[in-house]
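Numbering (our numbering), first residue to last: 1 to 274. Just so you know, even glycine gets a beta-carbon here, dropped at the ideal spot from N, CA and C. Some notes on the structure that comes next.
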Ligand code: ADE
C-alpha cells in the first residue's frame, strides 16, 4: 500500500518509523511518504494561512499550496505505483476533521483494501473548502473524524488511522488470529486478559483461566465481552445482531442491562472477608 501525508509538521509522523509500522515500511509492505506543505509555497515566509472570508476567529489554510502539494502527490504516487496500478491511478484522499464521518474498524477494513491513500492534515480553522472540491473532481475524498472532540490538527488523527489500517495489511501482524479476536471486529469489546503471577497485590486471576477447561474459558471470555459491551458501550450492545447471540449471551446481556452500574468506573471489588 502507498500512503502520502501532507502536513506542515512532518516530524509528527516520525512515530510511524517505530514498531510494527516501521517494520512494515522496511519490508516494503507499506510505502509511506510525508510531504511538507511549506515546500509548495513561493513567498519568503512560506505562508500557508490567511484570515477567513466572512470574518470570524482564527486562520484558514490557503488553497494554492494545497493544490500544488496534492498535484505533486498524484505525480509522485503514479510514478511509484507504475506497473502496480494503472497509469491513471488516483489516491483516496482522507481529510481528518472533527466534521468528518466517524473513523471505525469497518472503515479501517475498507481502507486496508485500497492500494493508495493520501492524507491532508489541516491546522488552524481548517483548509479552504475549494481544495476538497477541486480534489473531488479527480479523486475520492472523505473527511474523517476520530471522535467527538477537537484536536489541534490532523496529524494525531493520521497517526491513529494509519496504524489502524496498516496493521490490517497482510504480513504486518505475525499472528493473524489476534486480528480476529479483538474489540470491534464482531460488535463486542475484548475480554479482560491476565498473565503471571496468578496472585498480585491480593488480586487473583479468575480461577476458570487456570482450570485448563477450554470450553469453560471460552464461555467465560464470551460472557465478559458481552458484559463489558453492555456496561461501557450501550450503543454497541443495542446494535448487536440478535441472531449472532446464544441463550447465555442474552441472559448475560439482560442481567447487565438490569443492573448497569457506572460505565466510567470498574465495579467495586468484592469485600474481603476477615
Ligand atoms: N482534527 C481536529 N479534530 C479532529 C478529530 N476529532 N478527528 C480527526 N481530525 C481532527
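6 Å CB neighbourhood of residue i in its chain, flanking five on each side removed
i	result
residue 220	208
residue 183	189 and 190
residue 223	252
residue 150	98
residue 155	7, 9, 12 and 121
residue 93	118, 135, 139 and 141
residue 249	226
residue 204	none
Outcome for residue i when other beta-carbon atoms lying within 10 angstroms are tallied against a minimum of 16
i	result
residue 82	exposed
residue 70	buried
residue 241	exposed
residue 74	buried
residue 128	buried
residue 66	buried
residue 165	buried
residue 14	exposed
residue 206	exposed
residue 113	exposed
residue 247	exposed
residue 91	buried
residue 117	buried
residue 119	buried
residue 193	exposed
residue 5	buried
Residue i Cβ short of 6 Å to the ligand ADE heavy atom set
i	result
residue 96	yes
residue 154	yes
residue 162	no
residue 207	no
residue 151	yes
residue 145	yes
residue 166	no
residue 254	no
residue 80	no
residue 157	yes
Own chain, CB closer than 8 Å to residue i, minus 5 neighbours either side, in chain order
i	result
residue 167	20, 21, 173 and 179
residue 115	1, 2, 81, 84, 85 and 89
residue 311	Lying outside 1 to 274, the shown extent of the chain, residue 311 is not represented and no answer is given.
residue 49	59, 60, 61, 62, 123 and 124
residue 187	229, 236, 239, 240, 241 and 244
residue 185	105 and 179
residue 47	41 and 62
residue 38	8, 46, 48 and 65
residue 107	101 and 144
residue 87	78
residue 52	58, 59, 60 and 125
residue 159	12, 13, 15 and 16
residue 25	16, 17, 31 and 32
Same chain, Cβ closer than 7 Å to residue i, five either side skipped, listed in chain order
i	result
residue 103	144, 145, 146 and 161
residue 210	198
residue 153	121, 122 and 123
residue 232	189 and 263
Are at least three pairs of beta-carbons, each pair with one atom in the stretch 14-24 and one in the stretch 122-142, less than 8 Å apart? no
Below 8 Å, how does it come out for the stretch 18-38 and the stretch 166-181: are there three or more Cβ pairs, yes or no? yes
Inter-stretch contact at 8 Å, needing at least 3 Cβ pairs: the stretch 134-151 / the stretch 91-100: yes
With a threshold of 8 Å, are at least 3 pairs of Cβ atoms found where one atom belongs to the stretch 247-262 and the other to the stretch 224-235? yes
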